[in-house]
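Have a look at the structure below, then the notes.
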Amino acid sequence: MDGYFASRLHQQLRERVRDFAECEVRPRIPAMETARTAHRELSRLIARQGWLGATIPKGYGGMGVGHLAKTIIIEELSRVSGSMGAMVQASQLGVAKIVHFGSEEQKKTWLPLVAAGECLPTIAVTEPESGGHVLGMTATAVRDGDDYVLNGRKVYVGNSHVGDLHGVVVRTGPGSEGLTAFLVESRRPGCRTGEQKPAMGLHGFSFGELHFEDCRVPAANRLGEEGDGLAVAYSSSVLYGRANLTAVALGIHQAILEETTRFCAERHRYGKPLHELPSIKLKLGQLQSRLMTARLAAYHAVHLLDRGLPCDAELMNAKLVNVESALDSARNAMEIHAAAGLFTERPIERYLRDAHHIFAPAGTSDVQLLRLAEVALGQSKGQWSQRLAELTRSEALV
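The sequence shown: position 388 = 388 (full-length UniProt numbering), numbered continuously.
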C-alpha cells in the first residue's frame, strides 16, 4: 500500500485484526462449516474487540477511525472467514442508522453499547414479495398513543439470529414518504426470529427472517421523523452496505489468491511446481491483477467517503468490481485446483460458495450497472454521500 493507504494506524489495525483472525477465528472454521448455523460465541468475541465502533465517534465510545479502517477490519476477517466478515459488515449497517438518523438520546443509549460489543445491531428492510424494491414493502406501523404497532415480515436480515437491536423500516403511509424506521429490541414482545435455514455458504453467519405480530414499539424508538424511512434504508445500503460488502469480497479474493499460490507451490507436475506451467502462471497473473485493481477501487471509494466527498458512483463501482472479480478469480482458482478443489480438505470450494453470497445484497451487479449508466447519462437522482456529509457538517455546527 502507498499514499493514504499506508498510514501507521491502518497498518497497525491490519496486523491486529489479522493476528486475531488467525488465532481466534481460523480454529473455529471447521465447527462453523459443520454446524451451518450462527456462531454466537465468536460473533460476541469479535464484537468485544471494539471493531463494530470503527465509524462511531469517540464521544460515544467508538474508535472514530472511519470507513477505510472499517474496510480493513472487514477485509482481514473475511480473508480468514467470510462469515465473520459478513457478521461485522451487517452490524455496521445497524450502526449507520443510529449514527446518521438517531436522536441524541438514542445515540447516547445505544452507540456506547455497540462500541463495547454489548449490542449487535441489524437493519431489516427486505421483504419476501418486494426484494430490492424498497417502495414495494408492505409491513406496517400504526400509531397508537405513545406507541407504534408493527406487523409484517422481513427477510435476509444480516445477524438475524444474533442481533440485539433491529433497525426496521416499515410503512406508516403511502408512497415514498410513507416509510418510517424504528429501533426494535430483539426481545420485545411481538418480535420473533424465524427458523434459521442452512445456506450454501457463509456458515456461521445468519441472514434470516424477522416476524412482527402486533409488536408495540415506543414512539421514542422511532428513527428520525415519520417519512424518513426511505433515507434510512437507502443511505445504509448505499454508503455502508456497498462499502462493507466490497470489503467482504476483497478479503475472500485475497484468500483465494493466497490459497491458490500455496497449492501451486505444493503440487508438482513433470518434476516442477505447478506454477511453472505457463498456462497456470498466466492464471495466477490474472488473479493478482484482478485483486490489485479491486483493492484500489475499494480503498479509493471509502477514502472519498471519509473525506465527505460525493462518491455514490465510486461505491457502486467498488462493489461491482470486487464482487465480479472475486467470483471470476474463484472460478479460475477452481480450474487450477481441478478435482482437488472439490474436496473440503482445502478451503477453495468454501471461498467460491462464500463469494456467491456477496452478489445480491445492496444491489446485484445489474443494479450497480444500471445506476452507473444513469451517472454516465446525467440521470442520477442526487448523491446520498453528499447529503449525509452535509448533514454531518450541520450537526457539528450545532
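Ideal Cβ placement from N, Cα and C applies to all residues, glycine included.
These numbers were taken from a predicted model, which means no experiment stands behind them.
| query | result |
| --- | --- |
| Sequence-distant residues of the same chain with beta carbon closer than 6 Å to residue 252, five excluded per side | 78, 82, 326, 351, 354, 355 |
| The segment 167–187 in contact with the segment 225–233 per 3-pair CB rule at 8 Å | yes |
| Check whether residue 298 and residue 250 have beta carbons under 8 Å apart | yes |
| Which listed residue (90, 266, 383, 373) has its alpha carbon closest to that of residue 71 | 90 |
| Range of the contiguous beta strand (DSSP E) that encloses residue 324 | Unbroken run through residue 324 is the alpha helix (DSSP H), 312–337; no beta strand (DSSP E). |
| Rounded C-alpha distance that separates residue 64 from residue 269 | 51 Å |
| As assigned by DSSP and simplified to three states, the class of residue 19 | helix |
| Span separating the alpha-carbon of residue 296 from that of residue 320 | 13 Å |
| Sub-8 Å separation of residue 28 and residue 10 beta-carbons | no |
| Whole-Å CB distance - residue 289 paired with residue 388, under 8 Å assumed | The pair is not a contact, with the Cβ atoms about 34 Å apart (cut-off 8 Å). |
| Segment limits, alpha helix (DSSP H) that includes residue 30 | 29–35 |
| CA-to-CA distance, residue 37 to residue 208, given in whole angstroms | 11 Å |
| Residue 394 - DSSP class collapsed to helix/strand/coil | Residue placement at residue 394 is flagged as unreliable, the pLDDT there being 48, under the threshold of 50; the coordinate-derived value follows with that caveat. Residue state, collapsed to three classes: helix. |
| Simplified DSSP state of residue 141, which is helix, strand or coil | strand |
| Integer Cβ distance of residue 141 from residue 182, believed to fall under 8 Å | 7 Å |
| Candidates 374, 87, 313, 308, of which the one nearest residue 68 by Cα | 308 |
| Assigned secondary structure, residue 265 (DSSP; H/G/I helix, E/B strand, else coil) | helix |
| Touch test, the segment 108–122 against the segment 46–54, Cβ-Cβ under 8 Å, three pairs minimum | yes |
| Distance CB(residue 152)-CB(residue 212) smaller than 8 Å | yes |
| For residue 318 and residue 246, believed in contact at Cβ under 8 Å, the rounded distance | 5 Å |
| Identified DSSP bridge partners for residue 158 | 207 |
| Endpoints, the beta strand (DSSP E) within which residue 345 is located | Per DSSP, residue 345 belongs to no beta strand (DSSP E) and is neither H nor E. |
| Closest Cα partner of residue 62 within the set 95, 188, 214, 127 | 95 |
| Close Cβ partners of residue 172 (< 8 Å) along its chain, the five nearest in sequence each way excluded | 140, 141, 142, 143, 148, 178, 179, 180, 226, 227, 229 |
| Nearest-angstrom Cα separation, counted from residue 199 out to residue 367 | 23 Å |
| Extent of the continuous alpha helix (DSSP H) to which residue 304 belongs | 278–306 |
| Beta carbon of residue 244 nearer than 8 Å to that of residue 286 | no |
| Exposed unless 16 or more other CB atoms sit within 10 angstroms - verdict on residue 292 | exposed |
| Cβ pair residue 127, residue 154 closer than 8 Å | yes |
| Segments of 3+ residues assigned as beta strand (DSSP E) that fall wholly inside the segment 35–67 | none |
| Residues of its chain near residue 123, where Cβ-Cβ distance is below 7 Å and the 5 sequence neighbours each way are ignored | 93, 94, 97, 167, 236 |
| Cβ pair residue 322, residue 294 closer than 8 Å | yes |
| Residue from 201, 215, 170, 204 with nearest C-alpha to residue 192 | 215 |
| Same chain, Cβ closer than 7 Å to residue 159, five either side skipped, listed in chain order | 87, 90, 91, 120, 122, 206 |
| Residue burial classification, residue 44 (beta-carbon count within 10 angstroms, cutoff 16) | exposed |
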